[in-house]
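Residue numbers for the sequence shown follow this note's numbering, so the first one is 110 and each next one is one higher. Glycine included, C-beta positions come from ideal geometry on N, C-alpha and C. Just so you know, these numbers come straight off a predicted model, no measurement behind them.
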Amino acid sequence: MSKKFVNICAIFIVIILFAHLAHFYFCSKSILPEFTLEQSRTDMNANYRWAQSILDQGITNPSPYHPYMKEIAPYETWVKWWKGEEIYQQSPLYAYLMALSLKLTGSLLPMHLLNVFLGFFLCVLIGICSYLVTENKKISLIAFILAGTYAPFYAYSWPLLRDLIGWILLLLFAIFMSLWQKASTHPSEKTDLKIAFALGLTLGIGLLARETFYLIIPVSLVFIGVIAHKKKDYRFIGGVVLALFLSLSPLLIRNALVGAPLFSSSNRFSETFIQFNAPSALIGHFSIPSELPEIMEKSEGKPLIVVKNTLLAYDNPFLWLKKVPQKLLNLLAPYESPDNQCIYYLELISPMVAWGSPHWFIVIPGLCGLGLSLYRRDTKHLWLWFLASILLFNIALFTPTSRYRQSLAMLWVIWAAYYFYAIYKNGWTPLGRSQILLLILGWVLCLGVFDTNPTSPYYRKNEFYAAARIYVKRGDYNKAQDEIRLFYSLKNVHPKWPLPSFVYPPVKEKETNN
């Protein structure tokens with residue numbers, strides 16, 4: 110590797126690290142740090158309350174905090190559907206990290222800073238992974254730069270959500286599998302065992318971080334087992350399984366102590382499956398289907414029966430299949446549907462989100478790069494193909510909303526770099542021109558035909574009203590009113606529309622002399 114290339118890499122590393130720190134600075138100086146406590150119906154707030162319950166109850170957390178929908182059923186009914194309140198509401202790793210931060214510092218700001226460094230580390234891993242699957246340092250640099258300019262990665266590196274850890278572990282899985290694939294050309298027992306342990310730890314910690322690994326672990330173990338059997342490398346599969354159980358041992362011990370099912374790390378499957386697959390479920394938006402309470406009650410919260418009864422809620426169960434292509438098509442939608450934190454509100458605060466590369470810019474060359482890797486039958490991409498199929502299946506079962514489609518975005522970034530480099534190499538040849546034309550056509554379709562999400566909630570009131578309530582608590586009624594006026598102007602609401610009463614100071618009663 111030339112000294113010039115190393116210097117170029119160093120410059121971009123400094124620039125992208127600075128961009129992540131600048132994003133942290135802009136967010137920390139805004140109203141955002143107080144959103145976690147103010148927005149009670151968000152995953153950020155649920156994680157905070159869960160972390161508090163860990164501090165209150167101890168490390169086994171026998172009765173973890175569970176968010177639930179009061180409008181659907183009382184807490185006792187939800188506990189019945191969950192089969193006990195001792196089961197975690199979702200994979201617990203992030204909540205325990207937050208509890209540790211609160212115990213050591215009494216503040217949530219270190220978690221926000223950790224998120225920012227995780228966002229930068231994600232960019233680095235994307236660069237490393239792209240080098241392993243392409244063996245081209247220029248492509249890896251392009252991938253690192255694309256990841257460092259990608260707006261949604263910045264947007265989701267501020268809210269206190271567990272997604273970044275999950276994305277990093279997915280990339281580490283692909284990296285370790287690619288290293289094992291590479292090591293097979295230069296077999297070394299010691300190297301293989303190191304990779305086996307790293308892979309097993311990644312899978313185990315992945316399950317503690319994200320429920321997606323319930324899909325990845327069994328399928329990958331079958332793949333690893335078949336390949337190891339062909340290579341007569343039984344130590345490798347043994348090392349993976351051993352490291353997997355070691356990393357899962359805290360969960361297994363905790364569940365045994367509190368009486369929860371040993372391998373359970375979440376009670377949300379049934380509720381989430383209904384939420385995104387019932388007949389009245391919306392594609393690309395969070396909503397509560399009217400069928401949810403009836404299906405949960407009829408199924409007693411049992412996952413397989415929930416799936417069956419959700420499909421039977423249709424006039425014809427096969428009508429559910431219509432939702433699958435709609436969900437996959439929604440991956441191409443340029444509009445970022447509001448999630449726990451609306452990306453468009455973050456654009457008003459952080460220039461990195463406002464001026465970063467949007468999803469539509471990345472996904473089209475990413476799909477072109479995927480197609481190119483398949484056309485070339487480049488087996489170095491095998492584990493990226495494997496991850497993409499698992500993640501697409503997961504989205505087909507659940508939701509394509511903004512935060513969830515970012516798990517695929519890291520793969521689009523790698524394949525986008527792969528495709529951009531192919532265009533660069535082909536130049537203004539007939540092949541190069543056709544690749545450019547395909548890319549432009551994809552972007553046009555993405556911004557036109559595939560723009561299926563309504564933009565009416567482009568800005569939603571949640572963030573603006575939360576900010577206004579925070580200013581009211583501070584006693585700054587002028588800023589509270591300005592926040593609502595800003596929302597009205599962005600939504601093109603008539604300027605004379607009355608402001609909500611809570612943004613005005615209370616009227617003091619006149620004292621009367623008796």
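Cβ distance (whole Å) where Ala387 is taken to contact Leu401 below 8 Å: Within the sequence shown, residue 387 is the residue found at index 278, counting from 1. Within the sequence shown, residue 401 is the residue found at index 292, counting from 1. So it is a contact: roughly 7 Å between Cβ atoms.
Going by the beta-carbon positions, is the gap between His490 and Ser482 smaller than 8 Å? Working through the sequence shown from its first residue, we reach residue 490 at position 381. Working through the sequence shown from its first residue, we reach residue 482 at position 373. Cβ atoms of His490 and Ser482: closer than 8 Å.
Exposed or buried, which one is Met178 when buried takes at least 16 other CB atoms within 10 Å? In the sequence shown, residue 178 corresponds to position 69, counting from 1. Exposed: under 16 other Cβ atoms inside 10 Å.
Contacts around Ile414, its chain only, beta-carbon distance under 7 Å, and the 5 residues preceding and following it disregarded: On the sequence shown, residue 414 is found 305 positions in, with the first residue counted as 1. Same-chain partners within the cutoff: Ser408.
Since Tyr629 sits in a beta bridge, which residues does DSSP pair it with? The question about residue 629 has no answer, for the chain in this structure spans 110 to 623.
For a test of the three-state rule: what should DSSP assign to Tyr423, helix, strand or coil? As a working mapping, residue 423 is identified with position 314 in the sequence shown. Tyr423 falls in the coil class under three-state DSSP.
Identify every run of the alpha helix (DSSP H) within the region 216 to 245, keeping only runs that are complete inside it and at least 4 residues long; order them along the chain. Listed in chain order, they are 218 to 243.
Please return the same chain residues whose Cβ sits closer than 7 Å to the Cβ of Ile326, not counting the five positions on each side in sequence. Indexing the sequence shown from 1 puts residue 326 at position 217. Once the five neighbours on either side are set aside, the close Cβ partners of Ile326 are Leu312 and Leu316.
Which of helix, strand or coil does DSSP assign to Tyr259? Within the sequence shown, residue 259 is the residue found at index 150, counting from 1. In the structure shown, Tyr259 adopts extended strand secondary structure according to DSSP, grouped into three states.
Assign Leu355 to buried or exposed, taking buried as 16 or more other Cβ atoms, counted over all protein chains shown, within 10 Å of its Cβ. To locate residue 355, count along the sequence shown from 1; it is residue 246. It counts as exposed.
Would you please state the rounded distance, in angstroms, between the beta carbons of Val612 and Tyr586? I believe it to be under 8 Å. The residue you call residue 612 lines up with position 503 of the sequence shown. The residue you call residue 586 lines up with position 477 of the sequence shown. About 6 Å separates the two Cβ atoms, so the contact holds.
Cβ-based neighbour list, Ala630, same chain, cut-off 7 Å, excluding 5 preceding and 5 following: For residue 630 there is no data in the structure shown, the boundaries of the chain being 110 and 623.
Distance CB(Ala160)-CB(Met207) smaller than 8 Å: Within the sequence shown, residue 160 is the residue found at index 51, counting from 1. Within the sequence shown, residue 207 is the residue found at index 98, counting from 1. In contact: Ala160 and Met207 (Cβ atoms closer than 8 Å).
Which residues bound the alpha helix (DSSP H) around Lys489? Locating residue 489 in the sequence shown gives position 380, counting from the first residue. Element bounds for Lys489: n/a, residue is neither H nor E.
Excluding sequence positions up to five away, which residues of its chain have a Cβ less than 6 Å from the Cβ of Asn623? Indexing the sequence shown from 1 puts residue 623 at position 514. At Asn623, the pLDDT of 46 sits below 50, so the modelled position is not reliable; the number obtained from the coordinates is stated separately. Closer than 6 Å at Cβ, skipping near neighbours: no residue.
Simplified DSSP state of Ser210, which is helix, strand or coil: Along the sequence shown, read from residue 1 onward, the residue named residue 210 stands at position 101. Correct three-state label for Ser210: helix.
Check the DSSP bridge columns for Ser466 and list the partner residues they point to. The residue labelled residue 466 in the question sits at position 357 within the sequence shown. Tyr259.
By how many angstroms is the C-alpha of Phe229 removed from the C-alpha of Gly257? Indexing the sequence shown from 1 puts residue 257 at position 148. Indexing the sequence shown from 1 puts residue 229 at position 120. In a straight line, the C-alpha of Gly257 is about 7 Å away from that of Phe229.
Please tell me whether Leu440 and Pro509 are closer than 8 Å, where the distance is taken between their beta carbons. Position 331 of the sequence shown, counting from 1, holds the residue named residue 440. Position 400 of the sequence shown, counting from 1, holds the residue named residue 509. A contact, by the Cβ cut-off of 8 Å.
Among Tyr453, Thr243 and Arg150, the one whose alpha carbon lies nearest that of Pro467: For the purposes of this step, residue 467 is taken as the residue at position 358 of the sequence shown. Pro467 has its Cα closest to that of Tyr453, out of Tyr453, Thr243 and Arg150.
Could you check what DSSP says for Cys451 in three-state terms: helix, strand or coil? Start at 1 with the first residue of the sequence shown, and residue 451 comes out as number 342. If DSSP states are grouped into helix, strand and coil, Cys451 belongs with coil.
Am I right that Ala283 and Leu493 are in contact with their C-beta atoms under 8 Å? What's the rounded C-beta distance? What you label residue 283 is simply residue 174 of the sequence shown in a count that begins at 1. What you label residue 493 is simply residue 384 of the sequence shown in a count that begins at 1. Correct: roughly 6 Å between the Cβ atoms.
Using the Cβ count rule (16 or more neighbours within 10 Å means buried), how would you classify Ala119? Here residue 119 corresponds to residue number 10 of the sequence shown, with the count starting at 1. Exposed.
Cβ pair Gln198, Pro171 closer than 8 Å: Position 89 of the sequence shown, counting from 1, holds the residue named residue 198. Position 62 of the sequence shown, counting from 1, holds the residue named residue 171. In this structure, Gln198 lies away from Pro171, with their beta-carbon atoms at least 8 Å apart.
Closest Cα partner of Gly215 within the set Ser598, Leu548, Gly465 and Leu164: Your numbering for residue 215 matches position 106 in the sequence shown. Out of Ser598, Leu548, Gly465 and Leu164, the CA that lies nearest to the CA of Gly215 is found in Leu164.
Out of Gly557, Ser389 and Asn449, which one is the CA nearest neighbour of Tyr423? Sequence index remark: in the sequence shown, residue 423 carries index 314 (1-based). Closest option to Tyr423, Cα to Cα, is Ser389.
Under 8 Å between the Cβ atoms of Pro474 and Tyr513? The residue you call residue 474 lines up with position 365 of the sequence shown. The residue you call residue 513 lines up with position 404 of the sequence shown. If you check the CB distance, Pro474 and Tyr513 do not come in under 8 Å.
Is the separation between the beta-carbon of Ala252 and that of Ala526 shorter than 8 Å? As a first step, residue 252 must be located in the sequence shown, where it is residue number 143. As a first step, residue 526 must be located in the sequence shown, where it is residue number 417. Cβ distance < 8 Å, so Ala252 and Ala526 count as in contact.
By alpha-carbon positions, which one of Leu227, Pro201, Lys582 and Glu320 ends up nearest to Leu506? As a first step, residue 506 is located in the sequence shown; it is residue number 397 there, counting from the start. Comparing Cα positions, the closest option is Glu320.
Status (buried if at least 16 other CB within 10 Å, exposed otherwise) for Thr419: As a first step, residue 419 is located in the sequence shown; it is residue number 310 there, counting from the start. Buried is the call here.
In the structure shown, what three-state DSSP assignment does Pro327 receive? Counted from its first residue, the sequence shown places residue 327 at position 218. The three-state secondary structure of Pro327, taken from DSSP, is helix.
Are Ser379 and Trp190 close, meaning C-beta to C-beta below 8 Å? Taking the first residue of the sequence shown as position 1, residue 379 is located at position 270. Taking the first residue of the sequence shown as position 1, residue 190 is located at position 81. Between Ser379 and Trp190, the gap from beta carbon to beta carbon is short of 8 Å.
Return helix, strand or coil for Asn623, following the three-state DSSP convention. Taking the first residue of the sequence shown as 1, we reach residue 623 at position 514. Residue placement at Asn623 cannot be trusted, given a pLDDT of 46 that sits under 50; what the coordinates show is reported in the next sentence. Judged by DSSP in its simplified three-state form, Asn623 adopts coil rather than helix or strand.
Does any residue of chain B bring its CB to less than 8 Å from the CB of Leu270? Checking the listed chains, one finds no chain B in this structure; it contains a single protein chain.
Proximity of Ser511 and Trp276 at Cβ, strictly below 8 Å: Translated into the one-based positions of the sequence shown, residue 511 becomes position 402. Translated into the one-based positions of the sequence shown, residue 276 becomes position 167. At a Cβ-Cβ threshold of 8 Å, Ser511 and Trp276 do not count as neighbours.
Buried or exposed: which applies to Gln56, given that a residue is buried once 16 or more other Cβ atoms fall within 10 Å of its Cβ? The question about residue 56 has no answer, for the chain in this structure spans 110 to 623.
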